[in-house]
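Asks:
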Amino acid sequence: MATRAAREPAPVAPVAKVCVDVSLSHLDRPFDYLVPAELDAVAVPGVRVRVRFAGQLVDGYLIARADGSAHPGRLTYLDRVVSPEPVLGPEVVALARAVAQRYAGTLADVLRLAVPPRHARAEAASFDVPAGPVGAPDPAGWAAYPAGRPYLAALADGRAPRAVWTALPGEDWPARLAEAVTATVHGGRGAVVIVADATDLDRLDAALRTTLGEGRYVALSAALGPAERYRRFLAARRGQVPAVIGTRAAAFAPMRDLGLVAMWDDGDDLFAEPRAPYPHAREVLLTRAQQAGAGALLGGYGRSVEAQQVLESGWAREIVAPRQTVRHRAPAVTPTADDPRDQASARLPSLAWRAARDALAAGAPVLVQVPRRGYLPSVACADCRTPARCPHCHGPLALPSAAGTAECRWCGRAAAGYACPECGGRRLRAAVVGARRTAEELGRAFPGVPVRTSGRDEVLGTVPAEAAVVVATPGAEPVPVRSGDSGGYGAVLLLDTWALLTRSDLRAGEEALRRWLAAAALARPAEQGGRVVVVADGGLAPVQALVRFDPGWLAGRELSERRELGFPPAVRMATLTGTPAAVAELLSVARLPEGTDVLGPVPAAEGQERMLLRVPRSAGLALAGALHAAAGVRSAKKAADPVRIQVDPLALL
DNA sequence: TCAATCCGTATC
DNA sequence: ATACGGATTGAC
14 MATRAAREPA PVAPVAKVCV DVSLSHLDRP FDYLVPAELD AVAVPGVRVR VRFAGQLVDG
74 YLIARADGSA HPGRLTYLDR VVSPEPVLGP EVVALARAVA QRYAGTLADV LRLAVPPRHA
134 RAEAASFDVP AGPVGAPDPA GWAAYPAGRP YLAALADGRA PRAVWTALPG EDWPARLAEA
194 VTATVHGGRG AVVIVADATD LDRLDAALRT TLGEGRYVAL SAALGPAERY RRFLAARRGQ
254 VPAVIGTRAA AFAPMRDLGL VAMWDDGDDL FAEPRAPYPH AREVLLTRAQ QAGAGALLGG
314 YGRSVEAQQV LESGWAREIV APRQTVRHRA PAVTPTADDP RDQASARLPS LAWRAARDAL
374 AAGAPVLVQV PRRGYLPSVA CADCRTPARC PHCHGPLALP SAAGTAECRW CGRAAAGYAC
434 PECGGRRLRA AVVGARRTAE ELGRAFPGVP VRTSGRDEVL GTVPAEAAVV VATPGAEPVP
494 VRSGDSGGYG AVLLLDTWAL LTRSDLRAGE EALRRWLAAA ALARPAEQGG RVVVVADGGL
554 APVQALVRFD PGWLAGRELS ERRELGFPPA VRMATLTGTP AAVAELLSVA RLPEGTDVLG
614 PVPAAEGQER MLLRVPRSAG LALAGALHAA AGVRSAKKAA DPVRIQVDPL ALL
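Mapped onto the working numbering, the consecutive letters of the first sequence carry residue numbers 14 to 666.
1) Distance, Cα to Cα, residue 677 vs residue 206?
2) Take residue 282 and list the residues in its own chain whose beta-carbon comes closer than 7 Å to its own, dropping the five residues that flank it on each side.
3) The alpha helix (DSSP H) that contains residue 541, what's its start and end?
4) Just reading off the beta strand (DSSP E) that residue 469 is part of, what are its end residues?
5) Are the beta-carbon atoms belonging to residue 458 and residue 361 less than 8 Å from one another?
6) To the nearest angstrom, report how far apart residue 602 and residue 487 are at their CA atoms.
7) Tell me, to the nearest whole angstrom, how far the beta carbon of residue 29 is from that of residue 120; I am working on the premise that it is less than 8 Å.
8) Only counting the same chain, and skipping five residues up and downstream in sequence, which positions put a Cβ closer than 7 Å to that of residue 79?
9) Taking a contact to mean a Cβ-Cβ separation below 8 Å, would you say residue 591 touches residue 557 in this structure?
10) From residue 68 to residue 270, what does the alpha carbon distance come to, in whole angstroms?
11) Kindly indicate which residue of 596, 598, 627 has the alpha-carbon position closest to the one of residue 611.
12) So, at 7 Å on beta carbons, what are the nonlocal neighbours of residue 112 in its own chain, with the 5 sequence-adjacent residues on each side left out?
13) Where residue 388 and residue 57 are concerned, what is the direct C-alpha to C-alpha distance, given to the nearest angstrom?
14) Only counting runs of 4 or more residues, tell me where the alpha helix (DSSP H) segments fall wholly within the stretch 612–649, in order along the chain.
15) What does a CB cutoff of less than 7 Å around residue 17 pick up in its chain, not counting 5 residues either side in sequence?
16) For residue 179, which three-state DSSP category applies?
17) Name the residue from 345, 44, 538 whose alpha carbon lies nearest to the alpha carbon of residue 77.
18) Closer than 8 Å by C-beta to residue 237: which residues in its own chain qualify, once you throw out the five before and the five after it? Chain order, please.
19) Taking only the alpha-carbon atoms, compute the straight-line gap between residue 71 and residue 280 and give it to the nearest angstrom.
20) Assuming residue 134 and residue 95 form a contact by the criterion Cβ under 8 Å, report the distance between their Cβ atoms to the nearest whole angstrom.
21) For residue 225, which residues from the same chain have a beta carbon less than 8 Å from its beta carbon, with the 5 sequence-adjacent residues on both sides left out?
22) Under a three-way DSSP split, which group does residue 164 fall into?
23) Expressed to the nearest angstrom, what Euclidean distance is found between the alpha-carbon atoms of residue 178 and residue 480?
24) So within the stretch 58–107, which uninterrupted beta strand (DSSP E) runs reach at least 3 residues, ignoring any that extend past its ends?
25) Report the start-end ranges of each beta strand (DSSP E) in the stretch 263–305 that is 3 residues or longer and not cut off at the edges.
26) Quick one: measure Cβ to Cβ for residue 364 and residue 338, integer angstroms, because I've assumed they're closer than 8 Å.
27) Residue 433 and residue 470: beta carbons closer than 8 Å?
28) Tell me the residue span of the beta strand (DSSP E) that contains residue 588.
29) Which runs of the beta strand (DSSP E) spanning at least 3 residues fall entirely within the stretch 326–410, listed in chain order?
30) Given residue 152, which residues of its chain have a CB within under 8 Å of its CB, disregarding the five upstream and five downstream residues?
31) In terms of residue numbering, what span does the alpha helix (DSSP H) encompassing residue 35 cover?
32) Does residue 460 come out as helix, strand or coil in the three-state DSSP assignment?
33) Please work out which residues of its chain come closer than 6 Å, Cβ to Cβ, to residue 169, disregarding the five sequence neighbours upstream and downstream, and give them in chain order.
34) Assuming residue 106 contacts residue 61 (C-beta within less than 8 Å), just tell me the rounded distance between them.
35) Could you have a look at residue 143 and say whether DSSP puts it in helix, strand or coil?
Have a look at this one:
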């Protein structure tokens, strides 16, 4: 902040390469500034700076110092160094660059996701670090998986093992992940572990506190609040902790000597970043493992198609238990038809009701999984449950209010005289009943048994291992606390499954299985009486996979189907969303790789349309590069209407 | 021929 | 947003 006239450049490396915090595509490159002599000591790579850019003061990061500049014009001085804290290390810059390239986005946008906002007070705070070495973890928990203990040994050994881990039913996954982290730290390297939500983070946190010890890791999540979040981020950045756990954004957390990146339940759609350039945390972590030469671990009860792709490409190996062990640990799974004439009570087919009754009689809790209300706000035939469609345009019918007449969500016509095309029934019912209504109905079906609910508003972490009915929405299933030798639900009932299965989403089957397995994995083994009743057609592939507890089988099938259909992850896709004129303009200036499939347009939001671009995976970077360049041409022209570019978006059709 | 003004473009 | 360069205009 010296006066302009008095400034002179630093004696060595007087040029600062700065990434300005501007998300215009055509400005996505470093700009050169002069370091004034008085800022020489603090203007180190990684610090936040403020610079005059296009007439205004903007924030930025000092990426590097250099002796000279290729810029032909006059260089401006840095306005100031915001803080001497170098928050951005070279590894994170390299990672953010790769992510920006992969997703056709700008470095500035990715850095906004990677570095939490500054909180000056937190920079002064200290962080207590325990002394002493970290012992090796007990690898016994991994013994059920033939590749498990060698995997841990490789981590401790400083190697880079990469694996997709299919957890056994009933597996204490937080403990297993904590052991993998501890093995890595024991071997002298750091670890980053990502989970989908706060509940999973709490579980992992508790396991790490036991296995690795307090003060040797930090948990990062958006829920912390800016000061605490930044304080913990700094502890990681300063190398004070060898492990970071967290949600989505923590995939970018700084970590020295990275030895392991891990993720639990990578199929959860919370891992998709909703802000530009919409990177998926799984991709961030795997890119990171590749760049850092670190190990990688994708774990879950289910298996995503992307994890299957990583396996089939040979990049990672499987960690699975032998079939015999799976059978030994798994509950007995029975599909049952959703036949309204066979209802023991309002919502329960008789088989499900009997399974619940038996479990309760044995003093065990019963888990009932129901889809979230509002998940699919449509209606079905009250008699045969066929989803109701508009007689005019075949759009889905919905109930605008609890008591009103159903109307079409596409054409808006009221469906007054509706008759079911399957059975001729004339009554409609809300397709998905919320957890609370279900709980009330089940309370009447099992008088005298306590009913608990766990849903989005109020998530129960655990429930006692005693007779009770627990109604939960997917992702909010409480874990029954272990009492002596027997833990787990006596019965798990999966209701209203067609709400998941009839979605027109490409991932419907995979997603249904992922949610069912998350619930079913909490049931006791069959030989301790554990039962799962899934109210769905037993011939469907996801139901088959559940019955056999074999998510790898379904993922393999789905992946080969995606290859045939030409959908990610077998190919790379990008969607362009905006007004028809804006999308057309972007496409007209884009120099797409040869052979790019251009599909569409399909209607999007009001006044918007969407185009789909498809290339082989090998041309993915070229496609992203072309789209980024084309976006740059438009942003340089100050094009009015924005076009959203999404590479491999989660929701395709 | 030259200053005043406009417009497009780059932004260090 | 603002600054700059080149083109354009209009007065001498």
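C-beta: ideal position from N, C-alpha, C; glycine also.
Bear in mind the structure is a predicted one, so any value in this text is a computation, not a measurement.
Replies: The answer reads as follows:
1) With the chain covering only 14 through 666, there is no way to say anything about residue 677.
2) Taking the first residue of the first sequence as position 1, residue 282 is located at position 269. Excluding residues within five positions, the ones whose Cβ falls inside 7 Å are 663.
3) For the purposes of this step, residue 541 is taken as the residue at position 528 of the first sequence. Segment: none, residue 541 is in no alpha helix (DSSP H) and carries neither H nor E.
4) As a first step, residue 469 must be located in the first sequence, where it is residue number 456. Segment: none, residue 469 is in no beta strand (DSSP E) and carries neither H nor E.
5) Locating residue 458 in the first sequence gives position 445, counting from the first residue. Locating residue 361 in the first sequence gives position 348, counting from the first residue. Cβ distance < 8 Å, so residue 458 and residue 361 count as in contact.
6) The residue you call residue 602 lines up with position 589 of the first sequence. The residue you call residue 487 lines up with position 474 of the first sequence. Each residue's alpha carbon lies about 44 Å from the other.
7) For the purposes of this step, residue 29 is taken as residue 16 along the first sequence, with counting starting at 1. For the purposes of this step, residue 120 is taken as residue 107 along the first sequence, with counting starting at 1. At roughly 16 Å, the Cβ-Cβ gap does not stay under 8 Å, so residue 29 and residue 120 are not in contact.
8) Working through the first sequence from its first residue, we reach residue 79 at position 66. Counting only Cβ-Cβ distances below 7 Å, and skipping sequence neighbours, we find 26, 28, 30.
9) Position 578 of the first sequence, counting from 1, holds the residue named residue 591. Position 544 of the first sequence, counting from 1, holds the residue named residue 557. Their beta carbons are not under 8 Å apart, which means residue 591 does not touch residue 557 by this criterion.
10) Taking the first sequence and counting its residues from 1, one reaches residue 68 at position 55. Taking the first sequence and counting its residues from 1, one reaches residue 270 at position 257. Taking the straight line joining both Cα atoms gives about 41 Å.
11) Mapped onto the first sequence, residue 611 falls at position 598. Measuring from the Cα of residue 611, the nearest candidate turns out to be 627.
12) The residue given as residue 112 occupies position 99 in the first sequence. The answer, listed in chain order, is 123, 292, 297, 300.
13) The residue you call residue 388 lines up with position 375 of the first sequence. The residue you call residue 57 lines up with position 44 of the first sequence. Here the model assigns residue 388 a pLDDT of 42, short of 50, so the residue's position is not dependable and the matter cannot be decided.
14) 633–649
15) Reading the first sequence from its first residue, position 4 is the one you call residue 17. Here the model assigns residue 17 a pLDDT of 48, short of 50, so the residue's position is not dependable, and the following value carries that caveat. Result list for residue 17: empty, nothing under 7 Å.
16) In the first sequence, the residue the question calls residue 179 occupies position 166. Residue state, collapsed to three classes: strand.
17) In the first sequence, the residue the question calls residue 77 occupies position 64. Ranking 345, 44, 538 by Cα distance to residue 77 puts 44 first.
18) Position 224 of the first sequence holds residue 237. Cβ neighbours of residue 237 beyond the five flanking positions: 245.
19) Position 58 of the first sequence, counted from the first residue, corresponds to residue 71. Position 267 of the first sequence, counted from the first residue, corresponds to residue 280. Distance between the alpha carbons of residue 71 and residue 280: 38 Å.
20) On the first sequence, residue 134 is found 121 positions in, with the first residue counted as 1. On the first sequence, residue 95 is found 82 positions in, with the first residue counted as 1. Not really, about 14 Å apart at Cβ, beyond 8 Å.
21) As a first step, residue 225 is located in the first sequence; it is residue number 212 there, counting from the start. Only 147, 191, 194, 195, 198, 256 meet the Cβ criterion.
22) Position 151 of the first sequence, counted from the start, is the residue given in the question as residue 164. Note: residue 164 maps to helix in three-state DSSP.
23) Your numbering for residue 178 matches position 165 in the first sequence. Your numbering for residue 480 matches position 467 in the first sequence. Spanning the two alpha carbons is a distance of roughly 32 Å.
24) 61–66, 69–79, 91–94
25) 271–277
26) For the purposes of this step, residue 364 is identified with residue 351 of the first sequence, where counting begins at 1. For the purposes of this step, residue 338 is identified with residue 325 of the first sequence, where counting begins at 1. Rounded, the Cβ-Cβ distance is 27 Å, inconsistent with contact.
27) What you label residue 433 is simply residue 420 of the first sequence in a count that begins at 1. What you label residue 470 is simply residue 457 of the first sequence in a count that begins at 1. Taking 8 Å as the Cβ cut-off, residue 433 and residue 470 do not qualify as a contacting pair.
28) On the first sequence, position 575 is the one that residue 588 refers to. Element bounds for residue 588: 584–591.
29) 330–332, 345–348, 356–358, 379–382, 392–394
30) For the purposes of this step, residue 152 is identified with residue 139 of the first sequence, where counting begins at 1. Contacts found: 161, 162, 165, 166, 192, 196.
31) Residue mapping note: residue 35 aligns to position 22 of the first sequence, counting from 1. Element bounds for residue 35: n/a, residue is neither H nor E.
32) As a first step, residue 460 is located in the first sequence; it is residue number 447 there, counting from the start. It is coil, neither helix nor strand.
33) As a working note, residue 169 is residue 156 in the first sequence. Hits under 6 Å: 196, 199, 200.
34) Position 93 of the first sequence, counted from the start, is the residue given in the question as residue 106. Position 48 of the first sequence, counted from the start, is the residue given in the question as residue 61. The Cβ separation is near 13 Å, so there is no contact.
35) Locating residue 143 in the first sequence gives position 130, counting from the first residue. Looking at residue 143 - three-state DSSP - the assignment turns out to be coil, as it is neither helix nor strand.
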